[in-house]
Structures are given as C-alpha cells and as structure tokens.
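Quick notes on the structure that follows.
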C-alpha cells in the first residue's frame, strides 16, 4: 500500500512546493481536489481537460517528486434540491470522471449527495430514524432520486473506466456500509467506497468489520487515513449526534484526529492488515482535519505511524501450511 495525502491543507502553497514537501516526508501518492468542497487549488479541472499541455505540466511535477495520483476528489451534493446547486455538482463530478480517464487515474472520490425529503422541499434532509412515518416516506423518496441519478452517473463512469469512490459521511444519503452496498446494488460495480473510518468510529461501527463487509463485495475503491476520538465525558451527556462547532473542541462529543490520536498504532496495524485480507492494495490517503494540531504536524505524524503499519512486500507462499 502507498502512503498518500489529500492535498487540500496545502492549498495555499504552490503545487511544486506542496509536492516537494510531501515527497520529503515520505508521501508516495496524492489525492487532488478538482472541484466541490476540496476546491482545485493545485489542479484546475477545466484547464486540465481542455489543454494537453496543462496535463503534461502536472505529470512533470508529479514525476519530478516521484508522486502518483491516487484519485481526483470532488465532494459535493449532486442530489441537492436546488437545481443550480445540483447541476454544478453534477458537472464537476462528470468532468472529474472525464479528467480521470484522460489522465489515466482510475478513481474519483466523492459524496453520495443528499436530496430533500420530498419534491417540494428546499433543503437536503438527513433522515436518522424511521418514525414518525413521514421520515420513512422521505427516505424512500430520497432513494428513488438517488437510484435514478447514480444509475446514470455510474454508466458514465463505466464508459470512462473510472471508479466512483463514495465517502460514507453524515448529512449524506450514504453514511454507513449497508447504505453503500445498497447504492452499489442499485447501480453497478463502479460505485464503491472511499473508506474513511473517521465517520464510522463515532457512529459506533466496528471499522475492521466494516472493511470485511465491504471487502466481501469488492466495494472498497479508495481509503482515507483519518482518525476520530470520542470523548465520553461529553457523549455520555448528549450522545454523538453533535452539532457543536468543530472549533469548539472541548465541548464536542467527538473530534476528527490525526492518525494514532483517536486509536493507537495497534489498531491501525489491524486496519491495514484487514485491508490486505480483503485484497485492497491502494493508497492510504491521509486527510488532515485535526483541530488540535497544525496540518503539517498532523500529516507528518500520520505518515510516521502508517510507515510502520503498512506492508511493503507481498506475502510469501504459506510454506508452513504445506
């Protein structure tokens, strides 16, 4: 497995400086934002699509620092009830797929999106309980919207030979593994997970069991290395559906943390081992969103731990079993 980084925290630096820094701390792959919430500070999607010279310049920058692209990222809400918002998100996502094909990248990371609770609503509606029954009806409507949209997008991705790696995320229709598998079943095998454990920890989901479940269906297309710590002194009082601002660190039930600061090294070695068990050998792409440290320190500590946790060789034959 390769150690990678989603480069958003370095968006204020030039691409060359960001790549030089990442290569210097032992990073091997980059996940590059090309729209949506990740932005496109290092990769102008439209310019790269239109101009072969721009694509050559990006390749040259990558080659100079010994880096490869694990995925293009465009996280947004293509199911938004506002038509203009949804159309922009859809355009970004479709163009990201086209760019990935043109550039020889096999994965686009994204969100499932979230519709409104009905055809006349104006804002997305995250349903977390089936009662009162109008919420169950809202969720059924949302899945109808999602099936129609994602079936078409999955066909687009298949035409271009690109996987759609969906991050299971709160306030999105797909936020846990069973929803991930449902969307995959409704569409095609191009639809799978950008497996980010940070959103599963606070939900009480066993991360290694989730890897096994998705791995049974070959449904892990990409992995984010990102940790979470649940603070029981807060969660015992108000649970984990916490709307406290992320910056109000001492009052939140949980926080995103740098790798190793929510769960220890032994756990992360188990995560890496379980990924290997299910056949995943792609990038471990570090996503830094730890409010208790700087981006550079968080990424450097994550790289340090993952270098010890990951395997760099393929297994030998099991001679001891012969």
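Residue numbers (the UniProt record's numbering): 1 to 322. Positions of the beta carbon are idealized from the N, C-alpha and C atoms, including for glycine.
Q: Please say whether residue 283 and residue 326 have beta carbons closer to each other than 8 angstroms?
A: Coverage of the chain is limited to positions 1 through 322, which leaves residue 326 absent and any answer about it impossible.
Q: Ignore the nearest five residues each way along the sequence and tell me which others in residue 34's own chain have a CB closer than 6 angstroms to its CB.
A: 40, 43, 45, 72, 74, 96
Q | Local Cβ density within 10 Å of residue 296, reported as buried at 16 or more and exposed below that | A | Looking at its Cβ environment, which holds fewer than 16 other Cβ atoms inside 10 Å, residue 296 is exposed.
Q | Reduced DSSP category for residue 36 - H, G, I as helix; E, B as strand; rest coil | A | strand
Q. In terms of alpha-carbon separation, which member of 318, 271, 300 lies closest to residue 325?
A. Nothing can be reported for residue 325: it is not among the residues displayed for the chain, which extend from 1 to 322.
Q) So, using beta-carbon positions, are residue 154 and residue 190 closer together than 8 angstroms? A) yes
**Q.** Range covered by the beta strand (DSSP E) that runs through residue 159
**A.** Unbroken run through residue 159 is the alpha helix (DSSP H), 133–160; no beta strand (DSSP E).
Q: Note down the Cα distance separating residue 175 from residue 167, rounded to an integer number of angstroms.
A: Taken atom to atom, the span from the alpha-carbon of residue 175 to that of residue 167 is near 8 angstroms.
Q.
Suppose the cutoff is 6 angstroms on Cβ atoms and the five residues either side in sequence are ignored; what does the same chain contact list for residue 48 look like?
A. 54, 55, 99
Q) Are there 16 or more other CB atoms within 10 angstroms of the CB of residue 326, so buried, or fewer, so exposed? A) With the chain represented from 1 up to 322, any question about residue 326 goes unanswered, as that position is not in the structure.
Q. Which word fits residue 311, buried or exposed, when buried means at least 16 other C-beta atoms lie within 10 angstroms of its C-beta?
A. exposed
Q. Of the choices 221, 317, 285, whose alpha-carbon is the least far from that of residue 302?
A. In terms of Cα proximity to residue 302, the closest of 221, 317, 285 is 285.
Q) With burial defined as no fewer than 16 other Cβ atoms inside 10 Å of the residue's Cβ, what is the status of residue 163: buried or exposed? A) buried
Q: Provide the residue span of the beta strand (DSSP E) that contains residue 229, from first to last.
A: 227–230
Q: Reducing DSSP to helix, strand and coil, say where residue 205 ends up.
A: coil
(Q) Please tell me whether residue 108 and residue 70 are closer than 8 angstroms, where the distance is taken between their beta carbons. (A) no
Q: Look at the alpha carbon of residue 234 and the alpha carbon of residue 64, and state the distance between them as a whole number of angstroms.
A: Those two C-alpha atoms are separated by around 47 angstroms.
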